[in-house]
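What follows is a short report on a single structure.
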Amino acid sequence: MTTTKKLWIGIGILALLSPLGLIIPALFGAGGAWGEWGTDAIEKMVGFVPEGMKRLASSGKTPMPGYTVPGQGDGLVSGSLGYMFSAIIGIALAAAIMYLIAKLLVRKKNSH
Amino acid sequence: MHIPDGYLGPLTYGVMYAATVPFWAIASWRMNRTLKARQAPYLAIGAAFSFVIMMFNIPIFGGTTGHATGATLISILIGPWAGVIAVSVALIIQALLFGDGGVTAIGANCFNMAIAGVFVGYGVYRLVSMGSTVGSRRRLAAGGVAAYVSLNISALLTAIQLGVQPLIERSSSGQPLYAPFPLSVAIPAMAIEHLFLFGFVEAAVTALVIRYFQKNEPELLG
Numbered sequence: 000m001t002t003t004k005k006l007w008i009g010i011g012i013l014a015l016l017s018p019l020g021l022i023i024p025a026l027f028g029a030g031g032a033w034g035e036w037g038t039d040a041i042e043k044m045v046g047f048v049p050e051g052m053k054r055l056a057s058s059g060k061t062p063m064p065g066y067t068v069p070g071q072g073d074g075l076v077s078g079s080l081g082y083m084f085s086a087i088i089g090i091a092l093a094a095a096i097m098y099l100i101a102k103l104l105v106r107k108k109n110s111h
Numbered sequence: 000m001h002i003p004d005g006y007l008g009p010l011t012y013g014v015m016y017a018a019t020v021p022f023w024a025i026a027s028w029r030m031n032r033t034l035k036a037r038q039a040p041y042l043a044i045g046a047a048f049s050f051v052i053m054m055f056n057i058p059i060f061g062g063t064t065g066h067a068t069g070a071t072l073i074s075i076l077i078g079p080w081a082g083v084i085a086v087s088v089a090l091i092i093q094a095l096l097f098g099d100g101g102v103t104a105i106g107a108n109c110f111n112m113a114i115a116g117v118f119v120g121y122g123v124y125r126l127v128s129m130g131s132t133v134g135s136r137r138r139l140a141a142g143g144v145a146a147y148v149s150l151n152i153s154a155l156l157t158a159i160q161l162g163v164q165p166l167i168e169r170s171s172s173g174q175p176l177y178a179p180f181p182l183s184v185a186i187p188a189m190a191i192e193h194l195f196l197f198g199f200v201e202a203a204v205t206a207l208v209i210r211y212f213q214k215n216e217p218e219l220l221g
């Protein structure tokens, strides 16, 4: 087997295991990372939402917020499936874009 | 460590974009000069690895989580300049598609995790592994130490950018406009969790994969 094939199998295993990154924090009752709270959590912590934060935070609409699939159900099972699906989409996009960048940057004379 | 939108004021995120863009330009120029077509698949795998490893959130005391970034490992395997681009690609997808890290903060997040993360990791690795053979224990240790230092520097830079907000971005009545926690809160909070746990996670991931390459694909570590 070629080296890249073996490495891709490794990435595939990571994608399948990725829901652990959701489940293990949930088991310990942990929220998100320090300094990545939503405005609701900020309001609870300091008593108000800073003006600028209120203005900028609302602009953060993304297609799959927090590694979820649009319309996915509640609960850890749906969450895990959405998370794994997000991992696969993200991996495919990251690899495709990086490959494209690399191909565009390679000079013809370096192609061997 | 992915700073969301609304945490950094325009001055900070503007400066961080201005600091990051030249690195992307130099990286593209360097890759254009040195990159071989056969390396492209490895770069793609590097970007994919960085994306997925950051999804493995690990809980820590205090109810927060953290994760490895893969920056050091990737820089060792594909070189620092390609590494900057690979980790940046992962971070930009996370921001634009998944809302992990703000769009305004892409400059800052790429500077902290991709640029600082890669160059600190690569620099420490080269320094500690200097003169060692590919299969040696020192090479393995170098990867682990480099990864630990690298992630902690990324965390420290993130904490500084968050912690200066109450100093430089205030309303006329003196209220913070963006991230409300001072340096005296942000730095210890970020430093402690990365010094205690996440730095070791990054070190373990890095060492584990280096060990695999030492045994199976030593030419990739050359």
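Top to bottom, those sequences are chains A and B. So the first sequence is numbered by numbering that gives the first Met the number 0: it starts at 0 and just counts up by one. So the second sequence is numbered by numbering that gives the first Met the number 0: it starts at 0 and just counts up by one. By construction, the Cβ of each residue, glycine as well, lies at the ideal position given by its N, Cα and C atoms.
Inter-residue spacing [alpha-carbon to alpha-carbon] between residue i and residue j
i        : j        : result
Gly34/A  : Leu13/A  : 26 angstroms
Phe118/B : Val184/B : 27 angstroms
Thr61/A  : Arg137/B : 44 angstroms
Leu80/A  : Ser153/B : 30 angstroms
Phe197/B : Ala89/B  : 19 angstroms
Asn56/B  : Glu218/B : 32 angstroms
Leu6/A   : Val51/B  : 13 angstroms
Thr63/B  : Leu150/B : 17 angstroms
Tyr6/B   : Met52/A  : 6 angstroms
Neighbour flag for residue i against chain B, beta carbons, 8 angstroms
i       : result
Val45/A : yes
Ala40/A : no
Gly70/A : no
Gly81/A : no
Leu75/A : no
Phe27/A : yes
Leu13/A : yes
Gly78/A : no
Beta-carbon gap between residue i and residue j smaller than 8 angstroms
i        : j        : result
Pro165/B : Ala56/A  : no
Gly116/B : Tyr12/B  : no
Ala146/B : Glu216/B : no
Ala101/A : Leu34/B  : yes
Gly20/A  : Met54/B  : yes
Ala46/B  : Ala94/A  : yes
Met63/A  : Leu96/B  : yes
Leu42/B  : Ile167/B : no
Boundaries of the alpha helix (DSSP H) in which residue i is found, first to last residue
i        : result
Thr11/B  : 9–33
Gly45/B  : 39–52
Thr71/B  : 70–77
Pro187/B : 182–192
Interface flag, residue i vs chain A, CB-CB below 8 angstroms
i        : result
Ser121/B : The amino acid occupying residue 121/B in the given sequence is Tyr; Ser does not appear at that position. No, its Cβ sits nowhere closer than 8 angstroms to a Cβ of chain A.
Tyr41/B  : yes
Glu216/B : yes
Phe118/B : no
The beta strand (DSSP E) enclosing residue i, as first and last residue numbers
i       : result
Thr38/A : Counting along the chain, Thr38/A falls outside any beta strand (DSSP E), though it belongs to the alpha helix (DSSP H) covering 38–45.
Segments of 4+ residues assigned as alpha helix (DSSP H) that fall wholly inside the stretch 193–220 of chain B = 198–215
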